[in-house]
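Accompanying notes for the structure given below.
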Amino acid sequence: MALAFAIGSTGFLVGPLPGYAQAVGALATALTFFVGSVFFTTGGALQSVLAWPDRHRTAADASAWRTAWIQSAGTLFFNVSTFRAVTIAVDNPAYDRLVWRPDAFGSTCFLVSGVLAYRASARHGPWPARGGPGWWQPGINLLGCVFFGISAVAGFVVPAQGSIVDLAAANVDTSLGAACFLAGAVGTWRAVRVEEAAPRGPHLAG
34 MALAFAIGST
44 GFLVGPLPGY
54 AQAVGALATA
64 LTFFVGSVFF
74 TTGGALQSVL
84 AWPDRHRTAA
94 DASAWRTAWI
104 QSAGTLFFNV
114 STFRAVTIAV
124 DNPAYDRLVW
134 RPDAFGSTCF
144 LVSGVLAYRA
154 SARHGPWPAR
164 GGPGWWQPGI
174 NLLGCVFFGI
184 SAVAGFVVPA
194 QGSIVDLAAA
204 NVDTSLGAAC
214 FLAGAVGTWR
224 AVRVEEAAPR
234 GPHLAG
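Numbering-wise, the sequence shown is residues 34 to 239 according to this note's numbering.
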């Protein structure tokens with residue numbers, strides 16, 4: 034799950050970078066977003082599967098399940114919009130406009146899931162409670178969701194065709210949001226690796 038989210042985040046981090054589309058072309062850029070969205074969907078599906086068995090145990094488990102499936106729904110919207118960008122780039126190799134507009138529906142799902150996850154996390158008032166491993170991850174995840182939401186709004190405000198500076202204004206928040214998601218995915222990956230490497234207690238024969 035963490036690896037899938039990390040790869041997906043990398044696609045959305047690299048795709049909007051200034052000069053990337055000019056360096057690799059519109060089709061390769063659109064494919065970068067699409068492949069990233071597929072890995073996002075894979076990570077979301079795995080997260081939903083992992084949350085399913087415990088969804089009725091506690092309020093926190095129920096929140097984790099709702100968060101997972103809402104986020105997964107958001108990734109499906111991203112699949113559709115990024116695939117549409119690929120088809121446009123295939124039909125028009127000279128495509129020189131904004132390659133992919135951040136999806137409003139997907140970004141909304143991300144924002145809702147981020148708020149639910151943050152509300153269910155340990156907090157001191159509005160701020161995350163420092164302590165156990167990964168205490169910062171719900172906060173950084175919510176920040177990433179906010180950046181994606183801003184990028185969705187900017188995608189409608191900034192003209193589809195314009196200078197690199199104009200396009201960067203619409204894309205920078207996508208990269209920032211993806212960087213937050215990447216940090217969270219790497220944090221989860223490292224936590225799992227540490228847990229797996231921890232020595233186990235002796236097994237008592239019954």
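Backbone N, C-alpha and C fix where the C-beta goes; we use that ideal spot for every residue, glycine too.
| Asked | Found |
| --- | --- |
| Residue burial classification, alanine 93 (beta-carbon count within 10 angstroms, cutoff 16) | exposed |
| Alpha carbon of alanine 63 to alpha carbon of alanine 211, nearest angstrom | 16 angstroms |
| Glycine 107 - containing alpha helix (DSSP H), residue span | 92–124 |
| Cβ-based neighbour list, leucine 83, same chain, cut-off 7 angstroms, excluding 5 preceding and 5 following | Met34 |
| Where tryptophan 160 falls: helix, strand or coil (DSSP) | strand |
| Same chain, Cβ closer than 6 angstroms to phenylalanine 67, neighbours up to 5 away in sequence not counted | Thr115, Phe116 and Val119 |
| Validate contact between the stretch 146–156 and the stretch 183–190 using beta carbons, cut 8 angstroms, 3 pairs | no |
| Rounded separation between alanine 54 and aspartate 87 - CA only | 43 angstroms |
| Buried versus exposed, by CB contacts within 10 Å (16 or more), valine 71 | buried |
| Alanine 61 - containing alpha helix (DSSP H), residue span | 59–84 |
| Top-ranked residue by Cα proximity to proline 49, from Arg223, Asp206, Gly217 and Trp222 | Asp206 |
| Leucine 46 - containing alpha helix (DSSP H), residue span | 35–47 |
| Endpoints, the alpha helix (DSSP H) within which glycine 167 is located | Segment: none, glycine 167 is in no alpha helix (DSSP H) and carries neither H nor E. |
| Rounded C-alpha distance that separates alanine 56 from valine 47 | 12 angstroms |
| Burial state of valine 179 (16 or more Cβ within 10 Å) | buried |
| Counted within 10 angstroms of its Cβ, other Cβ atoms place phenylalanine 189 as buried (16 or more) or exposed | exposed |
| Nearest neighbour of asparagine 112, chosen from Gly41, Asn174 and Gly177 [CA to CA] | Gly41 |
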